[in-house]
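Novice: I'd like to ask some things about the structure below.
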Amino acid sequence: MGRAESLKGKMSSQDPSDLWSRSDGETELLQDLGWYHSNLTRHAAEALLLSNGCDGSYLLRDSNERIGLYSLSVRAKDSVKHFHVEYTGYSFKFGFNEFSSLKDFVKHFANQPLIGSETGTLIVLKHPYPREVEEPSIYESVRVHTAMQTGRTEDDLVPTAPSLGTKEGYLTKQGGLVKTWKTRWFTLHRNELKYFKDQMSPEPIRILDLTECSAVQFDYSQERVNCFCLVFPFRTFYLCAKTGVEADEWIKILRWKLFKNKR
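Sequence positions in the sequence shown follow the UniProt record's numbering and run 1 to 263.
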């Protein structure tokens, strides 16, 4: 018996859901793949990627059609595309392509875009979405993420999923040219921090792109308490919250956003 046939028999004798790749005849566990989310549902995968991911974020999950079939869920701008990946017992098939491991699959498509839809949308696998997410414990996102992993129904998730990674509230902001302090309404969604004249204002005064922010930290240089600053290449923004707890909440979620952007 040849080496390839021996290897094929070795891998096929085990549960295909336990395997994900081979290397010199040694099998590895699918659970070791940090972005494999097992029995995550289609809707839950979309909620995670749309709320917390970015363009090119992806994860692998079991397909509910049959054993040995998986779904690769990939975010492309403001939608999520799903692709079938089939485990044959000794390789992974994707369309007309075949890969000896998922590592080879991801490496290939990191340079060769997927065709995401009939419109020809191109998708590149850039950011694996981890199974274990270290999110600030004070946010709803933790409870929702946990619920997705522990079997709550899709209907339970719909009302809460959009709140992932968001925050809003009043903060006092120091002016840029004139160093006066004014209270503004702030909203945080994905990588955009917007501030408005007040909560009822329809249009923001300014939109800050957090992908350009290099640091968020408490600030003690101002003659005010509960202050923190956001450092951008063009300016440092000084903000103050009503309480230390509120300032800490803003800092934690903003730092989490920055951490995700640097991964």
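Note that the Cβ used here is the ideal one computed from N, Cα and C, for glycine as well.
Could you tell me the alpha carbon to alpha carbon distance between S79 and A44, rounded to whole angstroms?
Specialist: If I take the Cα positions, the gap works out to 13 Å.
Novice: Check whether the Cβ atoms of W35 and P128 lie closer than 8 Å to each other.
Specialist: Contact flag set, yes.
Novice: Looking only at C-alpha atoms, which of Q31, L50, D32 and L60 sits nearest to L40?
Specialist: The shortest Cα separation from L40 among Q31, L50, D32 and L60 belongs to L60.
Novice: According to DSSP, is S100 helix, strand or coil?
Specialist: Correct three-state label for S100: coil.
Novice: Between the beta-carbon of G56 and the beta-carbon of R42, is there less than 8 Å?
Specialist: No, the pair does not count as a contact, with Cβ atoms beyond the cut-off.
Novice: Rounded to a whole number of angstroms, what is the C-alpha to C-alpha distance between A47 and H189?
Specialist: Cα to Cα, the separation comes out at about 14 Å.
Novice: Helix, strand or coil for E246, going by three-state DSSP, please let me know.
Specialist: E246: helix per DSSP, three-state reduction.
Novice: Nearest to I205 by alpha carbon, out of F196, T211 and Y90?
Specialist: Measuring from the Cα of I205, the nearest candidate turns out to be F196.
Novice: Where DSSP assigns a beta bridge to Q174, which residues make up the other side?
Specialist: Note: Q174 sits in a beta bridge opposite W181.
Novice: Pick helix, strand or coil for E168, following the three-state DSSP scheme.
Specialist: DSSP places E168 in strand when its eight states are reduced to three.
Novice: Return the CA-CA distance between K103 and K77, expressed in angstroms with no decimal places.
Specialist: C-alpha separation (whole angstroms): 24 Å.
Novice: Nearest chain D C-beta to S51 closer than 8 Å, yes or no?
Specialist: Of the protein chains in the structure, only one exists, and it is not chain D.
Novice: For V124, name the three-state secondary structure that DSSP assigns.
Specialist: Of the three classes helix, strand and coil, the one that applies to V124 here is coil, per DSSP.
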